[in-house]
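Okay, structure first, notes after.
Number of protein chains: 2
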Amino acid sequence: MHSGRVVSRSADSSNGHGTSRVPASAAGSDPSRRTSGTVDAVSLAIIEQLQEDGRRPYAAIGKAVGLSEAAVRQRVQKLLDQGVMQIVAVTDPLTVGFRRQAMLGINVDGDLEPVADALDAMKEVEYIVITAGSFDLMVEIVCEDDDHLLEVINKRVRTLPGVRSTESFVYLKLKKQTYMWGTR
Amino acid sequence: MHSGRVVSRSADSSNGHGTSRVPASAAGSDPSRRTSGTVDAVSLAIIEQLQEDGRRPYAAIGKAVGLSEAAVRQRVQKLLDQGVMQIVAVTDPLTVGFRRQAMLGINVDGDLEPVADALDAMKEVEYIVITAGSFDLMVEIVCEDDDHLLEVINKRVRTLPGVRSTESFVYLKLKKQTYMWGTR
DNA sequence: CGTCACATCTGCGGATTCCGTGACTCGGAA
DNA sequence: TTCCGAGTCACGGAATCCGCAGATGTGACG
Chain D
1 MHSGRVVSRS ADSSNGHGTS RVPASAAGSD PSRRTSGTVD AVSLAIIEQL
51 QEDGRRPYAA IGKAVGLSEA AVRQRVQKLL DQGVMQIVAV TDPLTVGFRR
101 QAMLGINVDG DLEPVADALD AMKEVEYIVI TAGSFDLMVE IVCEDDDHLL
151 EVINKRVRTL PGVRSTESFV YLKLKKQTYM WGTR
Chain V
1 MHSGRVVSRS ADSSNGHGTS RVPASAAGSD PSRRTSGTVD AVSLAIIEQL
51 QEDGRRPYAA IGKAVGLSEA AVRQRVQKLL DQGVMQIVAV TDPLTVGFRR
101 QAMLGINVDG DLEPVADALD AMKEVEYIVI TAGSFDLMVE IVCEDDDHLL
151 EVINKRVRTL PGVRSTESFV YLKLKKQTYM WGTR
């Protein structure tokens with residue numbers, strides 16, 4: 001399986017590093033120095049449990065991390081509300097009908113935002129990152145077939161104002177796919 | 001957030017459930033099993049439901065897709081067994097302590113497999129794809145800080161036998177992250 | 001040093017959900 | 001026609017979920 005890159009909710013991740021925000025009053029002082037401070041060891045352990053199985057019962061998780069069922073429930077809810085994690089089904093694009101995928105390296109003239117926003121609006125674009133290096137943007141595209149892929153790249157991406165050039169990397173084989181962060 | 005590839009996400013929601021399981025080979029990533037073509041429209045609808053909320057009750061899903069609770073239960077179980085999908089927690093690397101990420105384009109001399117396997121063994125490597133284009137492999141790396149990233153790229157990847165050259169694309173900002181296939 | 005505010009955890013029922021089981025129906029393939 | 005996979009319906013006990021008090025702990029403040 002595989003799939004998109006996970007993430008978090010867009011609202012908070014906008015920039016600066018994102019640590020996700022907490023409600024209003026809670027955080028006492030300044031957030032800048034500890035991105036990791038948001039999640040303590042116990043919550044990390046809970047996340048680990050849910051990375052193994054997103055539907056594991058709260059009681060079982062509690063037993064594993066040393067908390068009561070109710071406490072686990074509260075923490076999970078908070079982690080979800082804060083956007084620290086999400087519990088979802090992930091699929092393998094191939095088995096669901098998307099047989100062509102590609103990574104696109106893009107170079108832009110001027111401001112990247114307009115281009116990034118336009119790409120954001122395309123449903124075939126699964127992933128967008130602004131990078132430092134010989135490409136300004138790297139995007140992952142998931143299509144149904146070659147015609148579809150060609151249309152997206154040639155007709156929709158390369159014609160966007162600001163796009164100077166693109167380079168395609170068609171996926172031949174997905175070798176690894178993980179999604180276990182706090183887990184190590 | 002972002003990160004691995006996978007999938008789905010949704011607004012918020014939650015719920016739970018779960019089985020647990022362990023080791024490395026969870027359903028999804030390994031075999032060459034091509035269950036292709038095996039997913040009909042109804043199962044797709046079920047997957048869609050679970051992409052919105054991995055813990056949604058079977059009865060609710062049934063109501064949404066027009067099947068009985070029992071039928072949904074059977075299908076979900078089969079989809080999981082077949083490795084068509086997985087229900088897991090996905091997190092935002094940044095909030096869990098990983099502040100440096102990068103995409104690496106790699107060129108190899110000779111057989112790609114040995115190199116891919118070696119990369120596969122590295123825990124910092126989150127994603128590996130064999131591609132057609134000016135790079136033979138593209139891998140996503142998730143690290144704690146710059147030192148960590150440097151060590152991985154310079155000391156561990158570039159020294160692998162067969163690796164001819166690498167090009168790094170350090171992530172400046174994750175702009176989009178999705179994971180909803182059957183969903184469109 | 002008390003006290004209030006707030007966050008978190010534990011217990012505890014009641015409502016839901018999960019899940020195996022058995023009976024019957026409905027095409028499609030042999 | 002018969003066999004078989006897949007669904008539906010119904011059941012009922014076990015397990016899970018979920019809201020709601022107390023109990024506890026800590027930091028801020030007078």
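Those protein sequence lines, which keep their order, are chains D and V.
So for the first sequence, UniProt numbering puts the first residue at 1; every next one is plus one.
So for the second sequence, UniProt numbering puts the first residue at 1; every next one is plus one.
Glycine included, each C-beta is placed from N, C-alpha and C at the ideal position.
Being a predicted model, the structure only gives us computed values, none of them experimental.
Just so you know, the alpha carbons of D:Ile87 and V:Thr91 end up roughly 9 Å apart. Straight through space, the alpha carbons of D:Leu80 and D:Lys175 are spaced by roughly 30 Å. In this structure, D:Leu172 sits near V:Thr131, with a CB-CB distance shorter than 8 Å.
Exclusion of the five residues before and after D:Asp111 leaves Gly162 as the residues of its chain whose Cβ lies within less than 8 Å of its Cβ. Taking a C-beta distance under 8 Å as the contact criterion, D:Phe98 and D:Val142 qualify as a contact pair.
The three-state secondary structure of V:Gly83, taken from DSSP, is coil. Note: D:Ile106 is bridge-paired with D:Leu137, D:Thr166 in the DSSP secondary-structure output.
As computed with DSSP, V:Lys176 is found in a beta bridge with D:Ile128. At a cut-off of 8 Å, the C-beta of V:Lys155 has no neighbouring C-beta in chain D. In this structure, V:Asn107 places its C-beta atom within 8 Å of the C-beta atom of V:Asp136.
Cβ atoms of V:Val39 and V:Val65 stay farther apart than 8 Å, at about 13 Å. Contacts with chain D at 8 Å (Cβ-Cβ) do not include V:Tyr58.
Taken in chain order, the whole alpha helix (DSSP H) runs of length 4 or more contained in the UniProt domain "HTH asnC-type" (39-99) of chain D are 41-52, 58-65, 69-81.
Under the criterion of beta carbons closer than 8 Å, V:Met138 and V:Met85 do not qualify as touching, at roughly 24 Å. At a beta-carbon threshold of 8 Å, none of the residues of chain V lie near D:Glu151; the nearest stands roughly 15 Å away.
Going by DSSP, V:Asp117 is part of the alpha helix (DSSP H) stretching over 113-120. At the C-beta level, D:Gln77 and D:Tyr179 stay beyond 8 Å of one another. Put simply, the CB of D:Ile87 is near chain V, with a gap under 8 Å to one of its CB atoms. Taking CB atoms only, D:Ile106 has no neighbour in chain V less than 8 Å away. At a cut-off of 8 Å between beta-carbon atoms, D:Gln51 makes contact with chain V.
Close to D:Lys173, with beta-carbon spacing below 8 Å, are these residues of chain V in chain order: Val129, Ile130.
Across the set V:Asp109, V:Val72, V:Lys123, V:Thr95, the C-alpha of V:Lys123 shows the shortest separation from the C-alpha of D:Gln177. Note on D:Leu150: under 16 other CB atoms within 10 angstroms of its CB, so exposed under the neighbour-count rule. Counting only residues of its own chain and dropping the five nearest sequence neighbours on each side, V:Val129 has a CB closer than 8 Å to the CB of Leu137, Met138, Val139.
In the DSSP assignment, D:Val142 forms a beta bridge with D:Gln101.
When Cβ-Cβ separations below 8 Å define contact, D:Arg75 makes no contact with chain V. Residue burial is scored here from C-beta neighbours: D:Pro114 has fewer than 16 other C-beta atoms within 10 angstroms and is therefore classed as exposed.
Here D:Ile46 is near D:Val72, since their CB atoms are less than 8 Å apart. By the 16-neighbour rule on beta-carbons within 10 angstroms, V:Asp109 is exposed.
Of all alpha-carbon atoms in D:Ala121, D:Ala70, D:Glu144, D:Val125, the one lying nearest the alpha-carbon of D:Thr95 is that of D:Glu144. Contact annotation, D:Arg100 with D:Asp146: C-beta distance approximately 6 Å; criterion of less than 8 Å satisfied. Put simply, of V:Asp120, V:Gln82, V:Glu69 the residue whose alpha carbon is nearest the alpha carbon of V:Val157 is V:Asp120. For the stretch 61-72 of chain V, the beta-carbon criterion of a distance under 8 Å to any beta-carbon of chain D is satisfied by none of its residues. Not one beta carbon of chain V lies nearer than 8 Å to the beta carbon of D:Asp145.
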